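Listed in order, the protein sequences are those of chains A and B.
Once you know that position 94 of the first sequence is 90 in our numbering, the rest is easy, because the numbers rise by one and skip nothing.
Once you know that position 78 of the second sequence is 88 in our numbering, the rest is easy, because the numbers rise by one and skip nothing.
Input: a single structure, listed below in C-alpha cells.
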Amino acid sequence: NAGVTQTPKFRILKIGQSMTLQCAQDMNHNYMYWYRQDPGMGLKLIYYSVGAGITDKGEVPNGYNVSRSTTEDFPLRLELAAPSQTSVYFCASSYSGRGKDTQYFGPGTRLTVL
Amino acid sequence: RKEVEQDPGPFNVPEGATVAFNCTYSNSASQSFFWYRQDCRKEPKLLMSVYSSGNEDGRFTAQLNRASQYISLLIRDSKLSDSATYLCVVGGNNDMRFGAGTRLTVKP
C-alpha cells in the first residue's frame, strides 16, 4: 500500500494565482483531512470529509475549497493565493471518527506564495 | 489559552539520557490521546496512543492524568535516532487537536 500520497511536494505561487493540491489514499478510509502547519504552531484543520460527497469546514477554511467525489481522493483548492497561505499542507486519513482514531499523514506539500 | 500546550524546547540531551515531555489540554471532555513523532521536514507519524492506565512501548512510556488534564511521554536510554519533534494530540467526539510540538536533539 502506498498509504497517503500528495502532489506536488513543492510549489511557488504568485499572489492571486490558484492551484489544486492533490491527495489520495489507498487504505479505504472514510475520513480524510487537510491540515496546514506553520512554523512553531500545531497543525490546524482546514477541511475534512467523512465520506465521498460529504465535506465540512475545520478551524481555518477561509481561502480554500475541497471536494470528495471518491473515497480515495480529496483535493484541496486554493483560490486567489495570498502570502498568509504560505505553509506546509498535510493530507491525512483515518478509518473512523475525527477524534478517535490514528490519522495517517501524507508527505506534505510545501507552498510559498510570493 | 491554547487547547493543547507543550513546552517547545528544544531539549538537548546526551545519548543514554532519560527525557520527559509534558502536555496539558484544556477540554475536559477529550477522549483520546496520542503522541506523534515528526522528523524534520517530514509528516507526523503515530508514536503511541495514551491510555488511562498508562502504557509502555520499549523505551517509551506514556501516562495520562485526566484529573489534571495532563499527558506525559518518557524516553529512556535516548538514541541519536530519537531526535525529532514530538507532538501531543488530543481527540474528542469530533475533533483532533495538535500541540505545537517539543523538539528533541540527542547528541553523541
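All C-beta atoms in this analysis are idealised placements derived from N, C-alpha and C, irrespective of residue type, glycine included.
On a predicted model such as this, the values are computed, not experimentally measured, just so you know.
N- and C-terminal bounds of the beta strand (DSSP E) containing residue i
i	result
A/Thr16	15 to 21
B/Thr95	94 to 101
A/Ser90	83 to 90
B/Met58	54 to 60
A/Arg7	6 to 9
B/Lys117	112 to 117
B/Pro24	21 to 24
A/Gln2	0 to 3
A/Arg32	27 to 33
A/Gly102	Careful: A/Gly102 lies outside any beta strand (DSSP E) and carries neither H nor E.
B/Val29	29 to 35
B/Gln73	70 to 75
A/Asp52	50 to 53
A/Val62	60 to 62
A/Val46	40 to 47
B/Phe43	42 to 48
Test: residue i CB closer than 9 Å to a CB of chain A
i	result
B/Gln41	yes
B/Gly102	yes
B/Pro24	no
B/Gly19	no
B/Leu97	yes
Cα-Cα separation between residue i and residue j, rounded to whole angstroms
i	j	result
A/Pro4	B/Gly68	36 Å
A/Asn24	A/Tyr91	8 Å
A/Asn58	B/Pro118	45 Å
B/Arg107	B/Asp87	29 Å
B/Ser93	B/Lys55	14 Å
A/Gly47	A/Ala20	13 Å
A/Thr51	A/Phe6	25 Å
A/Pro35	B/Gly64	31 Å
A/Glu68	A/Phe86	16 Å
A/Met15	B/Glu66	44 Å
B/Leu119	A/Ala77	Since the first residue shown for chain B is 11 and the last is 118, residue 119 of chain B is missing from the structure and cannot be characterised.
B/Thr71	A/Glu55	31 Å
B/Gln79	B/Thr115	27 Å
A/Gly93	A/Tyr44	11 Å
A/Val84	B/Leu74	30 Å
A/Tyr60	A/Gly(-1)	24 Å
A/Ile42	B/Leu84	31 Å
A/Thr108	B/Ala77	42 Å
A/Ile11	B/Ser62	48 Å
Contacts of residue i in chain B (Cβ-Cβ under 8 Å)
i	result
A/Leu17	Simply none; closest approach about 14 Å.
A/Thr176	Nothing about residue 176 of chain A can be read from this structure; chain A reaches only from -3 to 110.
Proximity test, Cβ basis, 9 Å: residue i and chain B
i	result
A/Arg107	Note on identity: in this sequence residue 107 of chain A is Leu, with Arg being the wrong assignment. Chain B contact via Cβ: absent.
A/Leu72	no
A/Tyr91	no
A/Tyr60	no
Cross-chain neighbours of residue i in chain A, by beta carbon under 7 Å
i	result
B/Glu53	Phe86, Phe101, Gly102, Pro103, Gly104
Neighbouring residues, chain B, relative to residue i (Cβ below 7 Å)
i	result
A/Met37	Ala110
Proximity test, Cβ basis, 9 Å: residue i and chain D
i	result
A/Leu41	Absent from the structure is chain D; the protein chains it does hold are A and B.
Partner residues on chain A for residue i, Cβ-Cβ distance less than 8 Å
i	result
B/Val14	Gly38
*asked:* Does the contact criterion of 3 or more C-beta pairs under 8 Å hold for the stretch 37 to 46 of chain B versus the stretch 19 to 26 of chain B?
replied: no
*asked:* Counting beta carbon pairs with one atom in the stretch 58 to 72 of chain A and one in the stretch 20 to 40 of chain A, are three or more of them shorter than 8 Å?
replied: yes
*Could you say if the stretch 43 to 52 of chain B and the stretch 94 to 101 of chain B meet the contact criterion of at least three C-beta pairs nearer than 8 Å?*
yes
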